[in-house]
Amino acid sequence: MATEHKNLSQYNKEEIPNGADFKIGIVVSEWNDKITRNLLSGALEALTENGVKEKNIDVQFVPGAFELPLGAQWMCEKGHVDGVIAIGVVIQGETKHFDFVCDGATQGIKDVNLKYNTPVAFCLLTDNNIQQSIDRSGGKHGNKGIECAIACMKMIALKKKMFR
592 MATEHKNLSQ YNKEEIPNGA DFKIGIVVSE WNDKITRNLL SGALEALTEN GVKEKNIDVQ
652 FVPGAFELPL GAQWMCEKGH VDGVIAIGVV IQGETKHFDF VCDGATQGIK DVNLKYNTPV
712 AFCLLTDNNI QQSIDRSGGK HGNKGIECAI ACMKMIALKK KMFR
């Protein structure tokens with residue numbers, strides 16, 4: 592397991608760009624909201640700790656993980672964000688629904704990245720059980736929301752550097 596001995600919340604603050612001028616959208620799934628709200632808290636904490644102003648963060652909610660790509664696309668279409676963080680959780684059940692939702696959300700988020708040339712951070716937990724999700728949303732493995740916020744900021748800074 593990739594996160595077994597890794598804390599997702601650890602990062603070197605010296606390597607993070609100052610986000611004072613960044614505008615970031617966050618689209619959050621309402622499904623499994625105890626987990627997604629923990630991921631959102633982690634993302635918000637990381638963004639503000641690294642200079643992103645609260646007024647420059649737009650948080651919107653969608654019903655589930657499958658709707659994350661469309662929510663991210665609408666944020667990109669509005670043109671007021673430098674990057675988006677897509678937050679959701681899909682937990683393995685007894686049917687293939689898990690596979691279809693995970694695949695659709697994953698491919699959709701990737702497509703939005705490329706279509707709009709805008710970083711869309713993939714903060715979608717795809718776990719076998721609720722305990723794994725708890726462990727990755729503020730539990731023993733830290734908070735993937737923090738990791739994705741940092742990834743989004745790094746990609747925004749890279750784009751600004753490459754296209755100045």
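Quick note on this note's numbering: the sequence shown kicks off at 592 and runs consecutively. Just so you know, even glycine gets a beta-carbon here, dropped at the ideal spot from N, CA and C.
Local conformation of residue i per DSSP, three classes
i    : result
T717 : strand
N603 : coil
D694 : helix
A611 : coil
Neighbourhood of residue i by C-beta, 7 Å cutoff - its chain only, sequence neighbours within 5 removed
i    : result
N704 : P710, V711
K731 : none
L630 : I678, C714, S728, N734, K735, G736
N647 : F613, K614, I615
Through-space distance from residue j to residue i, alpha-carbon basis
i    : j    : result
A740 : E685 : 32 Å
K706 : N609 : 26 Å
E640 : A634 : 10 Å
Chain-order list of residues whose beta-carbon lies under 8 Å from that of residue i (same chain, five-residue window excluded)
i    : result
A656 : S620, W622, G679, V680, V681, V692, C693, A696, L715
R700 : Reading off the sequence, residue 700 comes out as Ile, not Arg. Within the same chain, I700 has close Cβ partners L659, P660, A663, A677, V711, F713, L715.
V643 : G610, A611, F613, I615, M744
Close beta carbons around residue i, own chain, < 6 Å, minus the five adjacent residues each side
i    : result
I626 : V680, S724, S728
G616 : D649, M666, V672, V675
Within 8 Å, strictly: CB atoms of residue i and residue j
i    : j    : result
D673 : I747 : yes
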